[in-house]
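In order, the protein sequence lines correspond to chains A and B.
With my numbering, you'll find the first sequence wraps up at 522, consecutive numbering, no jumps.
With my numbering, you'll find the second sequence wraps up at 522, consecutive numbering, no jumps.
Number of protein chains: 2
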Amino acid sequence: MAGEFDLIDRIRARVVARDDVVLCIGDDAALLQPPAGMQLVVAMDTLNAGIHFPHDTAPADIGWKALAVNLSDLAAMGATPAWCTLSLSLPEPDAAWVDAFLDGFEALARQHAVALVGGDTTRGPLSVCVTVFGFVSPGRVLRRDAASVGDEIWVSGTPGDAAEALAQWSACGARDPALRARLDRPTPRVALGLQLPGLAHAAIDISDGLLADLAHVCCASSVGAEIDIDAVPVSDALRAAGLEPDTRRTLQASGGDDYELCFTAPVGARDAIVAAALEAGVPVTRIGRIVKGRDVVATANGAPWTPARAGWDHFGG
Amino acid sequence: MAGEFDLIDRIRARVVARDDVVLCIGDDAALLQPPAGMQLVVAMDTLNAGIHFPHDTAPADIGWKALAVNLSDLAAMGATPAWCTLSLSLPEPDAAWVDAFLDGFEALARQHAVALVGGDTTRGPLSVCVTVFGFVSPGRVLRRDAASVGDEIWVSGTPGDAAEALAQWSACGARDPALRARLDRPTPRVALGLQLPGLAHAAIDISDGLLADLAHVCCASSVGAEIDIDAVPVSDALRAAGLEPDTRRTLQASGGDDYELCFTAPVGARDAIVAAALEAGVPVTRIGRIVKGRDVVATANGAPWTPARAGWDHFGG
Numbered sequence: 206m207a208g209e210f211d212l213i214d215r216i217r218a219r220v221v222a223r224d225d226v227v228l229c230i231g232d233d234a235a236l237l238q239p240p241a242g243m244q245l246v247v248a249m250d251t252l253n254a255g256i257h258f259p260h261d262t263a264p265a266d267i268g269w270k271a272l273a274v275n276l277s278d279l280a281a282m283g284a285t286p287a288w289c290t291l292s293l294s295l296p297e298p299d300a301a302w303v304d305a306f307l308d309g310f311e312a313l314a315r316q317h318a319v320a321l322v323g324g325d326t327t328r329g330p331l332s333v334c335v336t337v338f339g340f341v342s343p344g345r346v347l348r349r350d351a352a353s354v355g356d357e358i359w360v361s362g363t364p365g366d367a368a369e370a371l372a373q374w375s376a377c378g379a380r381d382p383a384l385r386a387r388l389d390r391p392t393p394r395v396a397l398g399l400q401l402p403g404l405a406h407a408a409i410d411i412s413d414g415l416l417a418d419l420a421h422v423c424c425a426s427s428v429g430a431e432i433d434i435d436a437v438p439v440s441d442a443l444r445a446a447g448l449e450p451d452t453r454r455t456l457q458a459s460g461g462d463d464y465e466l467c468f469t470a471p472v473g474a475r476d477a478i479v480a481a482a483l484e485a486g487v488p489v490t491r492i493g494r495i496v497k498g499r500d501v502v503a504t505a506n507g508a509p510w511t512p513a514r515a516g517w518d519h520f521g522g
Numbered sequence: 206m207a208g209e210f211d212l213i214d215r216i217r218a219r220v221v222a223r224d225d226v227v228l229c230i231g232d233d234a235a236l237l238q239p240p241a242g243m244q245l246v247v248a249m250d251t252l253n254a255g256i257h258f259p260h261d262t263a264p265a266d267i268g269w270k271a272l273a274v275n276l277s278d279l280a281a282m283g284a285t286p287a288w289c290t291l292s293l294s295l296p297e298p299d300a301a302w303v304d305a306f307l308d309g310f311e312a313l314a315r316q317h318a319v320a321l322v323g324g325d326t327t328r329g330p331l332s333v334c335v336t337v338f339g340f341v342s343p344g345r346v347l348r349r350d351a352a353s354v355g356d357e358i359w360v361s362g363t364p365g366d367a368a369e370a371l372a373q374w375s376a377c378g379a380r381d382p383a384l385r386a387r388l389d390r391p392t393p394r395v396a397l398g399l400q401l402p403g404l405a406h407a408a409i410d411i412s413d414g415l416l417a418d419l420a421h422v423c424c425a426s427s428v429g430a431e432i433d434i435d436a437v438p439v440s441d442a443l444r445a446a447g448l449e450p451d452t453r454r455t456l457q458a459s460g461g462d463d464y465e466l467c468f469t470a471p472v473g474a475r476d477a478i479v480a481a482a483l484e485a486g487v488p489v490t491r492i493g494r495i496v497k498g499r500d501v502v503a504t505a506n507g508a509p510w511t512p513a514r515a516g517w518d519h520f521g522g
């Protein structure tokens, strides 16, 4: 078994270097040089074993996901990621586990040039807390409260895959590794988020479920929304699962853990958004419209539709 | 029982307002305006139940301590606190518990004008993770690697109290609430830390024990240290505990959780440091000297002295 300081050394050896990190891991705190004239964007999310990932999740996937869910929040703000801190609670100081965890964490950190600058390792039930830091130019941030009546509603990717993976791994039937990969290794839509300022009005990441997160946007913006649930794209893997249409719709509308972006934009931005998404390499789809009111109304086959389950509450879910 | 979003509302209602917080709790991430020309100082520490605080600790004390241990890291850097994020894992969404937790957290946050700008609440074994953000002018930060041969070594306050409280509450004998208060409600030495840039060379906070943390300074600075363990001030409460001298010395030299500052400074700064400490309202005491070499050597009654226990490792206990 390793000690706390051995683990810290292992972590330090895997850090992405950046010129704006003045003091990294190894002092009482990190010392960082924010870029002049930019605003700082900060998000923090914890993953607890058995709550945010199944107990059988590979350490590398836990490492990836712990950073991914946080980068997804920066993506939803249109921010450029820069730094992160990591607090790792482990039942035992297991160096092999930490190395595997870092394999996933570092792989995603390198993709986005994110430097791990501090944090702690300590004993406790398995839990991973990450704080991420990014930057936006003043006035360029994507907010939840900026949706306007008449905006079109867009979603990236194919929501529902992660929720179906969770369902498959909780049951005894067939299990599709392609779906599991979407649960374990979500792709934070950082590239898309960086394309959206100036085009989109409001944005949010779908961590709690499409309808629930869209409701957050509507509440913050004092607007309503109408979406066609059958316009939400279905992945090949989710289609191959052979679900009843309504079961599939519920996963897509209310399943958590997708980490896709949902955003609103004026009709006139449609072509520019398609071009921006192409540039970012992320498929986007129009699924509805912002309307007067306060409610999120879904339709399927032209008729009002309600999911079997409303959304994700980290205490209720 | 409350839901996740009820708890977030309770937390949001208790936040200290600051002009440099553009977007607070309620979006995908916080949006902050760093002051021009300053460097950002970031620390992150987690408290897990039964590891970092006894299971019988009052929620308000957990709230206080979770912020205090992080502010202590900023103090050791000479930084001015500004913002924090909080991730709270709770077995149940207990609103009364959260309100009590916030009583302690908010009390300390108001003392230092720290705005809680984001984070999350989720289900899991009781665990509190805080990230704090502060600022220093470039070149003014207090580092671990800046100790020089000939520096005097100083310590604030009366180390050992928290360790004796932990010992008393782990045993069946007499228990002194004054000592327990030092364990549960440590005072981060922010005011002292802000006085030290320009006077002190190196600084660290004593979270792992005086000798262990001084060894971190020596390692980072490539120097050795000699300290007179009997020069370390003893609080009235610790003296009243009536310990054998060597037991008391061990608590003072190696007990964790004190959150006092240990710093080094040239002899010529002696009077200025005494004046600065008076200004900060924090007693400071000279306990030794930085020397050539790599080792931390303690003496008691003029003879070499070794504690029964070396220091605090969060995995070693």
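Where a beta carbon is used, it is the ideal one built from N, C-alpha and C, also for glycine.
These numbers come from a predicted model, not from an experiment.
Here A:ASP451 is not bridged, per DSSP, to any residue.
Taking C-alpha positions only, A:ALA271 is separated from A:ASP250 by approximately 8 Å. Ranked by Cα distance from A:ASP225, the first of A:ILE213, A:ASN275, A:ALA301 and A:GLY339 is A:GLY339.
A contact between stretches requires three or more CB pairs, one per stretch, nearer than 8 Å, and the segment 371 to 385 of chain A fails this requirement with the segment 305 to 321 of chain A.
Looking at the DSSP output, B:GLN244 sits in a beta bridge with B:VAL341. Secondary structure at A:CYS229: coil, using DSSP grouped into helix, strand and coil. Annotation: the continuous alpha helix (DSSP H) that includes A:LEU371 extends over 366 to 375. Beta-bridge analysis with DSSP links B:VAL335 to B:ASP250 and B:LEU291. Of the residues B:THR504, B:ALA417, B:ALA263 and B:ILE434, the one whose Cα lies closest to the Cα of B:ASP462 is B:ALA417.
In the displayed model, A:GLU357 falls within a strand according to three-state DSSP.
For B:ARG345, no chain A residue has a Cβ inside 9 Å of its Cβ, as the nearest lies near 10 Å away. In this structure the segment 477 to 484 of chain A does not touch the segment 385 to 392 of chain A; the number of beta carbon pairs closer than 8 Å is below three.
If you check the CB distance, A:LEU419 and A:ALA405 do not come in under 9 Å.
Check the Cα spacing between A:ARG215 and each of A:CYS334, A:ALA305 and A:ALA281: the tightest is with A:ALA305. In summary, A:HIS421 is buried, with 16 or more beta-carbon neighbours lying within 10 Å of its beta-carbon over all protein chains present.
For A:ILE411, the pairing in a beta bridge is given by DSSP as A:GLU465.
Those residues of the segment 471 to 503 of chain A placed with their C-beta closer than 7 Å to a C-beta in chain B do not exist. Out of A:GLU357, A:VAL487 and A:LEU443, the CA that lies nearest to the CA of A:CYS423 is found in A:GLU357. Under the three-state reduction of DSSP output, B:VAL479 falls in the helix class. Among the residues of chain B, those whose CB is under 8 Å from the CB of A:VAL246 are ALA234, ALA235, LEU236 and LEU237, following chain order. Flagged as an interface residue toward chain B: A:HIS257, by a C-beta distance shorter than 9 Å.
Contact between A:LEU236 and B:GLN244 is confirmed by a C-beta separation of about 6 Å, below the 8 Å threshold. As the crow flies, the alpha-carbon of A:GLY378 is around 39 Å from that of A:LEU212. Using beta-carbon distances, A:ASN506 does not count as an interface residue toward chain B, since no partner is under 9 Å. Residues of chain B with a Cβ closer than 7 Å to the Cβ of A:CYS334 are, in chain order, THR251, SER292 and CYS334. For the segment 219 to 233 of chain A, the set of residues with a beta-carbon nearer than 9 Å to any beta-carbon of chain B comprises VAL227, LEU228, GLY231, ASP232 and ASP233, in chain order.
DSSP places A:ALA503 outside any alpha helix (DSSP H); the residue lies instead in the beta strand (DSSP E), whose first and last residues are 501 to 505. In terms of CA proximity to B:ALA284, B:ILE409 leads the group B:ARG219, B:ILE230 and B:ILE409. Under DSSP, B:TRP510 takes part in a beta bridge, and its partners are B:ALA503.
B:ALA351 places its beta carbon 9 Å or farther from that of B:ILE434. Listed along the chain, the chain B residues whose CB falls inside 7 Å of the CB of A:VAL322 are VAL247. At a cut-off of 9 Å between beta-carbon atoms, A:ASP410 makes contact with chain B. In the same chain as A:PRO298, and ignoring 5 residues on each side of it, the C-beta atoms closer than 8 Å to its own belong to MET206, ALA207, GLY208, GLU209, ASP211, LEU212, THR326 and ARG328, in chain order.
For A:THR327, the closest Cβ of chain B is nearer than 9 Å. When 9 Å is used as the limit between beta carbons, A:LEU279 is near these residues of chain B: ASP233 and ALA234, in chain order.
B:ARG348 belongs to the set of residues whose beta carbon lies under 9 Å from a beta carbon in chain A.
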